[in-house]
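Just below is one structure, and these are the notes that go with it.
Numbering (our numbering), first residue to last: 339 to 1443.
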């Protein structure tokens, strides 16, 4: 069965070959014309080697087809990443097309084959001694694929080594088998590492990572078991060998290489290293490593060498946390059940947020620096990156309240609660604005009205009409303009809760509406300032301050900042006359406690290119604490200042780590029970305790556990699904509550002055985002100066990790890595760095499409109802869900032929017809439009608008569904967003109830193509008949759910369709993702030295504490 791996490799190289031209292509076709590539030859090979040869035939077809797609996709994405659309020339392409399946092929034939290709492609002669040398283990003659291209006299090299798992053959034509394979791959990705999708990036482009002892022992041991990693190391060896050969032949100098990519490509995942010529030494280390590897004897001394690496990790961890030897021994002796390991540390050498600093209070010193820079007209951008609770917005509000002249203050944040806090700061003790002349304007999502507009095209076809609505920013900027135009006030305070910047066209986003607030002085038609009106504006408004808060808490924050700079500074300010510029003070303020230094600003905020969440890594030469820093620099060529503080509001901080290492299978109730027990013990010494858990169901489990022990007004529950009434009660209840139960929706903007203990459940998913939220959560207990200054505070962390193999030291990498990331990130925020290492978790970057469609809303409603049902087990919710499912029948999407180049039912026949004639005919066989391959799925980016076609069943009981929706529309058990979804759905039902309800109808809904994708199993063209006959038995493991889980294990996605499990013919999911293309590009990005994140993490664990 091993030859099936060669089938995939052949297909992969043929996929690359499809981009070649001229003599190279013709020679390859000559080699491929050999009889051993005929279909009947390979089928006969199956018959001889396999008992179930019929399934063997199907595997041959599948691996060849998948290989063709994979090779084509890999080459296309690599070239795109390296050339950015510029012209390139293929200098050399090495792949084995010579009698791949001939067992009796002589080694001399293969050597002669390589010799000829080197001469014909590179015009390089290779002598016999050289050929002997480069034919040994680890030398380039054995490489699966070598691609060398040139772009503007610089070279880009890619070397790939393939692997296909063919331990047992699988019938891909059986739908249940296909589902099992996809589920298995999903589980393996999730098991492999908590950090499988973690992004680690350096702040200064020097990754401080070197593949040296002891990490080489880790690579040596792990490389024997981790196929993508071992194949990457193997490819690295071949790359070093090839570069050495080229240099010896004086063909190409190492300095001429713009990039070098080595890839381990398996049928499940890709592992890459991306280097520039200065990092070439890493390839030499890979070469040495590969020559030390004994892939046939994986239980040899490498286990011992790897164990030496683990010992260093354990020793470093013990020292890093100063763990008692007796406690640490528990890591060495894990049981077969559940082990609880607890240790703690106390910190008291930091700067107290409420304490003194240089004879002034720390907060006052910080506020004074902000005030000084607000007054300075030569500074355009002010970055306030101090820790939460330092008083960033308070300082700005006080500056404005003390001004006699007029101002415009526009405050934008993704959190509604933070906006309410701004208003409170501008009010006096009676709840009125501090100045009778001031006005407060605000907008939120509740102000945006969407009416459902459906038009009838035919008797049975209806279409959702595009009805442009004014969004939050649009409405608020019009309000500001109206206030200015009508001379209502010259002190304008405006806040908006904006969830995300949206794309509204090829080059425009919703940020374009900012210009509307300047309509009184700006002509949008010819893009010029109206000078006579500008004079009046400057006379009335001496300060124009636009503040964007939590820029890293929203994926679109970076693009938003770029748009604000363009509109406010470049369009408005720079359009003013020199004399007017001297009279007005324009400021853009970026406030974010997740950013701690200038380098991160320059690295992360400089461009709006989409990126995933990541953790920035930096080694600092001066490891002394940095409590307050102020630095002037240029951002987007504009004079800017960063004011950063690092502190914590407590006399001392006790951090207790509770590790629950579980060999039983991962029941989170173990953790929840531990949290409840610790809560009860904590309340004996703490007046108020915060519990932070990301999972709402688990939060409610804890709520139910404490329900009988505490009065209802003694605890407060805050999560994204709470009702408006509950939101309004937070401020009045928070000081009296003993217990605060919260998810990340409350991690920012709400403070609890009496809280002196915080119990934090640490999620083992979306590590970057969750550590970023935890850094916010630990500052929620603040606001009472006496408590902050004089009281000790405690943080309890709960880390639950399933141990898959207690005898493998590797099983502890996740827990060790998470502990180090957690502690270093926290102490970076409190001290500025920890022992010379700075770790800064940052949210991703990207812009989503401008709106969610009506069909998306149906899907969102059902998902929300499902979550509510699992929480409450309310039978009425289940009845509503079932009624909606029966109403929403078959779902299809129309993508304007952006997936298939030919009818899908012709692909299988065409594949066989071409292969029956000659395998060379398959080189140009491209029935699909540039799919991206992940494992056993193909993903298509839809670049034109998608039309969703939803069939409304004639059997629907409209009256029953209407009654259910009306009943739940006003339910206090649902939050505002769910009730809005119910309202939209009800309007749709009302429409169809009036239009021939006895007939089935199609509802068409067009959605923007920006960031939309469709995922389909690779096997689909070969299993159409089986799919037609297949019936789902279990909705929990339906093809839709399996596909969704599989894609989600690789990328962050949302707006997943179809709504139900029913397909017309082809299984697929449609979804949107702001970062998928960036994540793909990351595979070939030099900023990521090792796409194997685990290695980056291991390197961190091996640094001396």
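Just so you know, even glycine gets a beta-carbon here, dropped at the ideal spot from N, CA and C. The structure displayed is predicted, hence computed values, not measured ones.
Need the endpoints of the alpha helix (DSSP H) that residue 1154 sits in, please.
Counted from its first residue, the chain shown places residue 1154 at position 816. Residues 1151-1169.
Straight-line CA distance for residue 977 to residue 719?
On the chain shown, position 639 is the one that residue 977 refers to. On the chain shown, position 381 is the one that residue 719 refers to. Residue 977 and residue 719: Cα-Cα distance of roughly 7 angstroms.
Pairs of beta-carbons, one from the stretch 676-694 and one from the stretch 924-935, closer than 8 angstroms: are there three or more?
no
Entirely enclosed beta strand (DSSP E) segments - the stretch 562-624, minimum 3 residues
Those beta strand (DSSP E) runs which fall completely within the stretch 562-624 and span 3+ residues are 595-604, 608-613.
Apply the 10 Å Cβ neighbour rule to residue 882 and answer buried if 16 or more other Cβ atoms are within range, or exposed otherwise.
Stepping through the chain shown from its first residue, residue 882 is reached at position 544. By the 10 Å Cβ count, residue 882 comes out buried.
Need the endpoints of the beta strand (DSSP E) that residue 916 sits in, please.
For this step, residue 916 is matched to residue 578 along the chain shown. Counting along the chain, residue 916 falls outside any beta strand (DSSP E), though it belongs to the alpha helix (DSSP H) covering 916-919.
Does DSSP put residue 550 in a helix, in a strand, or in coil?
Here residue 550 refers to the residue found at position 212 of the chain shown. Note on residue 550: pLDDT 47, under 50, position unreliable in the model; no value is reported.
When burial is assigned at 16 or more other CB atoms within 10 Å of the CB, is residue 635 buried or exposed?
Position 297 of the chain shown, counted from the start, is the residue given in the question as residue 635. Since pLDDT at residue 635 reaches only 49, below the 50 mark, its modelled position is unreliable, and the value read off the structure follows with that caveat. Looking at its Cβ environment, which holds fewer than 16 other Cβ atoms inside 10 Å, residue 635 is exposed.
Count the CB pairs spanning the stretch 346-364 and the stretch 495-503 that are closer than 8 angstroms, and state whether there are at least three.
Judged by Cβ distances under 8 angstroms, the stretch 346-364 makes contact with the stretch 495-503, as three or more pairs qualify.
Nearest-angstrom Cβ-Cβ length linking residue 733 and residue 705, presumed shorter than 8 angstroms
As a first step, residue 733 is located in the chain shown; it is residue number 395 there, counting from the start. As a first step, residue 705 is located in the chain shown; it is residue number 367 there, counting from the start. The Cβ separation is near 4 angstroms, so the contact holds.
Contact belief for residue 832 with residue 779 at Cβ below 8 angstroms, rounded distance in angstroms:
Here residue 832 refers to the residue found at position 494 of the chain shown. Here residue 779 refers to the residue found at position 441 of the chain shown. Correct: roughly 4 angstroms between the Cβ atoms.
From the beta carbon of residue 646, is the nearest beta carbon of chain B less than 8 angstroms away?
The structure shown contains no chain B; it holds only a single protein chain.
Close beta carbons around residue 366, own chain, < 6 angstroms, minus the five adjacent residues each side:
The sequence position of residue 366 within the chain shown is 28, counting from 1. The answer, listed in chain order, is 355, 435.
Who pairs with residue 1279 in a beta bridge, going by DSSP?
As a first step, residue 1279 is located in the chain shown; it is residue number 941 there, counting from the start. Residue 1279 pairs with 1351.
Simplified DSSP assignment, three categories, for residue 1311:
Residue 1311 sits at position 973 when you count from the first residue of the chain shown. In this structure, residue 1311 counts as coil in the three-state DSSP scheme.
Identify every residue that forms a DSSP beta bridge with residue 819.
In the chain shown, residue 819 corresponds to position 481, counting from 1. For residue 819, which the question treats as bridged, DSSP gives no partner whatsoever.
Taking only the alpha-carbon atoms, compute the straight-line gap between residue 1259 and residue 409 and give it to the nearest angstrom.
Counting from 1 along the chain shown, the entry for residue 1259 is found at position 921. Counting from 1 along the chain shown, the entry for residue 409 is found at position 71. Residue 1259 and residue 409 have their alpha carbons spaced roughly 16 angstroms apart.
Range covered by the beta strand (DSSP E) that runs through residue 992
Numbered from 1 along the chain shown, position 654 holds the residue referred to as residue 992. Start and end: 990-1000.
Residue 395 and residue 381 closer than 8 angstroms at C-beta
One-based indexing of the chain shown puts residue 395 at position 57. One-based indexing of the chain shown puts residue 381 at position 43. Yes, they are a contact pair.
Quick one: what's got a C-beta closer than 8 angstroms to residue 1207's C-beta in the same chain, skipping five residues either side?
For the purposes of this step, residue 1207 is identified with residue 869 of the chain shown, where counting begins at 1. Answer for residue 1207: 1215, 1216, 1219, listed in chain order.
DSSP on residue 410, reduced to helix/strand/coil?
Position 72 of the chain shown, counting from 1, holds the residue named residue 410. Three-state result, residue 410: helix.
Quick check: the Cα distance between residue 353 and residue 407, rounded to an integer number of angstroms?
Locating residue 353 in the chain shown gives position 15, where the first residue counts as 1. Locating residue 407 in the chain shown gives position 69, where the first residue counts as 1. The alpha-carbon atoms of residue 353 and residue 407 are separated by roughly 6 angstroms.
Less than 8 angstroms between the beta carbons of residue 280 and residue 1397, yes or no?
This structure leaves residue 280 out entirely; the chain is present only between 339 and 1443.
At 4 residues or longer, and completely inside the stretch 353-437: list those alpha helix (DSSP H) runs for me, N to C.
360-370, 377-387, 391-421
Can you tell me whether DSSP reads residue 1191 as helix, strand or coil?
For the purposes of this step, residue 1191 is identified with residue 853 of the chain shown, where counting begins at 1. Coil at residue 1191, not helix or strand.
For residue 1233, name the three-state secondary structure that DSSP assigns.
Translated into the one-based positions of the chain shown, residue 1233 becomes position 895. Correct three-state label for residue 1233: coil.
Give a yes or no on whether the C-beta atoms belonging to residue 1287 and residue 1232 are separated by under 8 angstroms.
Your numbering for residue 1287 matches position 949 in the chain shown. Your numbering for residue 1232 matches position 894 in the chain shown. Yes, Cβ-Cβ distance for residue 1287 and residue 1232 is below 8 angstroms.
At which residues does the beta strand (DSSP E) containing residue 1053 begin and terminate?
By one-based count along the chain shown, residue 1053 stands at place 715. For residue 1053, the enclosing beta strand (DSSP E) has its first and last residue at 1053-1056.
Mapping the DSSP letters down to three states, classify residue 1021 as helix, strand or coil.
To locate residue 1021, count along the chain shown from 1; it is residue 683. Correct three-state label for residue 1021: coil.
For residue 514 and residue 574, what's the separation of their Cα atoms in angstroms?
By one-based count along the chain shown, residue 514 stands at place 176. By one-based count along the chain shown, residue 574 stands at place 236. Between residue 514 and residue 574, the C-alpha separation is close to 38 angstroms.
Name the DSSP bridge partner or partners of residue 1344?
Here the question's residue 1344 lines up with position 1006 in the chain shown. Note: residue 1344 sits in a beta bridge opposite 1285.
Whose CA, out of 1300, 1277, 1297, 1150, lies closest to the CA of residue 1407?
Indexing the chain shown from 1 puts residue 1407 at position 1069. Nearest neighbour of residue 1407 by Cα position, chosen from 1300, 1277, 1297, 1150, turns out to be 1277.
In this structure, how does DSSP classify residue 881 when only helix, strand and coil are distinguished?
Indexing the chain shown from 1 puts residue 881 at position 543. The answer is strand: DSSP assigns residue 881 an E or B state.
Given this structure, state the Cα-to-Cα distance separating residue 531 from residue 1152, to the nearest angstrom.
Sequence index remark: in the chain shown, residue 531 carries index 193 (1-based). Sequence index remark: in the chain shown, residue 1152 carries index 814 (1-based). In this prediction, residue 531 has a pLDDT of 49, which is less than 50 and means its spatial position is unreliable; nothing more can be read from the coordinates.
So if DSSP puts residue 1392 in a beta bridge, which residue, or which two residues, is it bridged to?
Within the chain shown, the letter at position 1054 stands for residue 1392. DSSP lists 1410 as partners of residue 1392.
Residue ranges of each beta strand (DSSP E) within the stretch 733-787, 3 or longer:
745-751, 776-781
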